[in-house]
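Trainee: From first to last, the protein sequence lines are chains E and F.
Under our numbering, the first residue of the first sequence is numbered 1, with each subsequent residue one higher.
Under our numbering, the first residue of the second sequence is numbered 80, with each subsequent residue one higher.
The structure that follows is given in the form of structure tokens.
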Amino acid sequence: MAVTNEEVLNKIKEIVPKFGVNPDDVSDSSTLEDLDMDSLDVVEIMQAIEDDLGIRVPDEDLEDLTTIGDAVAAVVKNG
Amino acid sequence: MAAPPLTKVLITGIGAISPGGVGADGLWEAATAGRSLPEGDVAVSPDITDMLTIKESRRLDKFARFGLIAAREAVADAGVNFEELDRERCGAVVGTGIGGFETIDDGMEILRTKGPRMVPATSVPMLMPNAAVAAVTKDFGIWGPGHCVVSACASGNHSIGEGKRMIEYGHADLVIAGSAETANRPLATSAFRAMGAMTSKGVSRPFDAERDGFVMGEGAGMVILESEEHAKKRGARVLAELAGYGATNDAFHLVQPDPEGRGAISAMRKAIAEAGIDPTDIDYINAHGTSTPYNDLSETKAVKQVWGDNTPPPMSSTKSLVGHMMGASGSIEAVVAVKSILENRAHPTVNLNTPDPECDLDYIAEGVREFEINTVLSNSFGFGGHNACLLFKSV
């Protein structure tokens, strides 16, 4: 089942409050650094996406990921 | 040739979270109110909502959150600003009985229901017993020694005692020492109930003939320890001296104390000897006093042995008032010991209505007692047969 960038971004916005991040601050161009998030948060986001959307993103697609847009693209690519 | 005298170790700050509430004052008010806990075998935990931000708390198990909050209180109470100190000369020892029970329990549930891929990546650093000391050292930027002591219900006393050693051996000038425990989870309570360690009647009644186990609680206690020189240089307000620490093992049974209290006797004697005083110099004993049939009898016997032909001083059980906080209990009771010295008041042992002919000491059953308290012995004995006693003196 294909998934759109918008759907994935909205899903990430749903998840981030548990990291203490305001969803309104989250856009494709925001970097993990901007949001004070790290690679462990990315792992948790990907777990929630796999749980909710059934999309499994391989670890190699998560390397060198710096923006939320990169994360969205990695999910869409594997959707 | 005698070894040079070790530096005096002083207590300059205290902090606590207990079923009495958040804060050392809440604990002391609950203890000196002399009210029994509501009936039940688990005490209601204090509410810490909003005390930490989501960013601060999201990778901390509940026990580490408790430890961090109590440590912040103790640091504020001591007026310490780590920015002004040599942080390589500051240390921390934060013990626990279990560690991150919440994380273990929730993680196992996720593993069973959602499978291994959904287990949170941060589970291990959250459940590890040293998660609380990690949180505390990171929060304050403590660069000196830091570790976690695990010895069941003696963890608190061991942590504070080992903090004393850090300073005496010259490894640190200031140490945050204490412990935290939040084990109110079905795995722990079910096991304690099956073992008969928790009260089936819902009442903690230490030293009473009808005692049948403890009421479980969650909490954290923390003290700031400083060398005398460091406290002076900083102009710190001194609350008490930590004058003695004695630690031994029963090497007798996994959970049952040595019936004659052999290990408890030697731990008390070591703490008293280290303080350079005699048992008759002690004004008050803060008992381990769990309300289990075994502990209270063997502790009573042990105290009698230490005092020999002399009458032991009054002794009371904090656990009768705020529950048994497992690995946190020793450090909670250290806070109580300091308060007792500062206010010359000892809280009672509540629910002691039917005297046990074999437990025939003065347990302060009648209510809060006011008398001069300059020296307090505080006992902790843990599953595994680990004993740790602390000796506090007024300054």
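Note that the Cβ used here is the ideal one computed from N, Cα and C, for glycine as well.
With DSSP run on the structure shown, which of helix, strand or coil describes F/Y442?
Mentor: Walking along the second sequence from the start, residue 442 of chain F turns up at place 363. Assigned with DSSP and collapsed to three states, F/Y442 falls in coil, not helix or strand.
Trainee: Ignore the nearest five residues each way along the sequence and tell me which others in F/V474's own chain have a CB closer than 8 angstroms to its CB.
Mentor: Within the second sequence, residue 474 of chain F is the residue found at index 395, counting from 1. Taken in chain order, the residues that qualify are L89, V317, L318, A319, E320.
Trainee: Going straight from the alpha carbon of F/H403 to that of F/G100, what length do you get?
Mentor: Within the second sequence, the letter at position 324 stands for residue 403 of chain F. Within the second sequence, the letter at position 21 stands for residue 100 of chain F. Their backbone Cα atoms lie some 14 angstroms apart in a straight line.
Trainee: Mind checking the segment 28-54 of chain E against chain F and listing, in chain order, the residues whose C-beta falls within less than 8 angstroms of any C-beta there?
Mentor: D36, L40, V43, E44, Q47, E50, D51
Trainee: Using 10 angstroms around the beta-carbon of F/R290, count the other beta-carbons present and answer buried if the total reaches 16, otherwise exposed.
Mentor: Sequence index remark: in the second sequence, residue 290 of chain F carries index 211 (1-based). Buried is the call here.
Trainee: Which of the three DSSP states, helix, strand or coil, is assigned to E/E6?
Mentor: Your numbering for residue 6 of chain E matches position 6 in the first sequence. Helix, per DSSP.
Trainee: Just tell me which of F/E353, F/D357, F/L304, F/K280 has its CA closest to the CA of F/V159.
Mentor: Within the second sequence, the letter at position 80 stands for residue 159 of chain F. F/V159 has its Cα closest to that of F/L304, out of F/E353, F/D357, F/L304, F/K280.
Trainee: Going straight from the alpha carbon of F/A366 to that of F/I239, what length do you get?
Mentor: Here residue 366 of chain F corresponds to residue number 287 of the second sequence, with the count starting at 1. Here residue 239 of chain F corresponds to residue number 160 of the second sequence, with the count starting at 1. For F/A366 and F/I239, the distance between alpha carbons rounds to 17 angstroms.
Trainee: Are the beta-carbon atoms belonging to F/D375 and F/P285 less than 8 angstroms from one another?
Mentor: Your numbering for residue 375 of chain F matches position 296 in the second sequence. Your numbering for residue 285 of chain F matches position 206 in the second sequence. If you check the CB distance, F/D375 and F/P285 come in under 8 angstroms.
Trainee: Using only the alpha-carbon positions, how far apart do F/V447 and E/D24 sit?
Mentor: Sequence index remark: in the second sequence, residue 447 of chain F carries index 368 (1-based). Sequence index remark: in the first sequence, residue 24 of chain E carries index 24 (1-based). Straight-line Cα distance between these residues: approximately 55 angstroms.
Trainee: Can you find a C-beta in chain E that's less than 8 angstroms from the C-beta of F/M130?
Mentor: As a first step, residue 130 of chain F is located in the second sequence; it is residue number 51 there, counting from the start. F/M130 does not count as touching chain E.
Trainee: Using a Cβ-Cβ cut-off of less than 9 angstroms, list which residues of the segment 169-201 of chain F approach chain E; keep chain order.
Mentor: Cβ contacts with chain E: K193, R196, M197, V198, P199, A200, T201.
Trainee: List the residues of chain E that F/I133 touches, going by C-beta distances under 8 angstroms, in chain order.
Mentor: As a first step, residue 133 of chain F must be located in the second sequence, where it is residue number 54. Residues of chain E with a Cβ closer than 8 angstroms to the Cβ of F/I133 are, in chain order, P17, K18, F19, G20.
Trainee: Have a look at F/H237, F/K383, F/A444, F/E162 and flag the residue whose alpha-carbon is nearest the alpha-carbon of F/K428.
Mentor: Taking the first residue of the second sequence as 1, we reach residue 428 of chain F at position 349. A small correction: the amino acid at residue 428 of chain F is Thr; Lys does not occupy that position in the sequence shown. Between F/T428 and the set F/H237, F/K383, F/A444, F/E162, the nearest pair of CA atoms involves F/A444.
Trainee: From the beta carbon of F/R137, is the nearest beta carbon of chain E less than 8 angstroms away?
Mentor: To locate residue 137 of chain F, count along the second sequence from 1; it is residue 58. Answer yes: the Cβ-Cβ gap between F/R137 and chain E drops below 8 angstroms somewhere.
Trainee: Which term fits F/M274, buried or exposed, when burial requires 16 or more other beta carbons within 10 angstroms of its beta carbon?
Mentor: Position 195 of the second sequence, counting from 1, holds the residue named residue 274 of chain F. The residue in question, F/M274, is exposed, as its Cβ has fewer than 16 Cβ neighbours within 10 Å.
Trainee: Would you mind reading off the limits of the beta strand (DSSP E) that contains F/I93?
Mentor: If you number the second sequence from 1, residue 93 of chain F lands on position 14. Start and end: 88-97.
Trainee: Are the C-beta atoms of F/S269 and some chain B residue less than 8 angstroms apart?
Mentor: In summary, chain B is missing from the structure at hand, where the protein chains are E and F.
Trainee: Please confirm whether F/I127 and F/A262 have their CB atoms less than 8 angstroms apart.
Mentor: Here the question's residue 127 of chain F lines up with position 48 in the second sequence. Here the question's residue 262 of chain F lines up with position 183 in the second sequence. Against a cut-off of 8 angstroms, the Cβ pair of F/A262 and F/I127 comes out as no contact.
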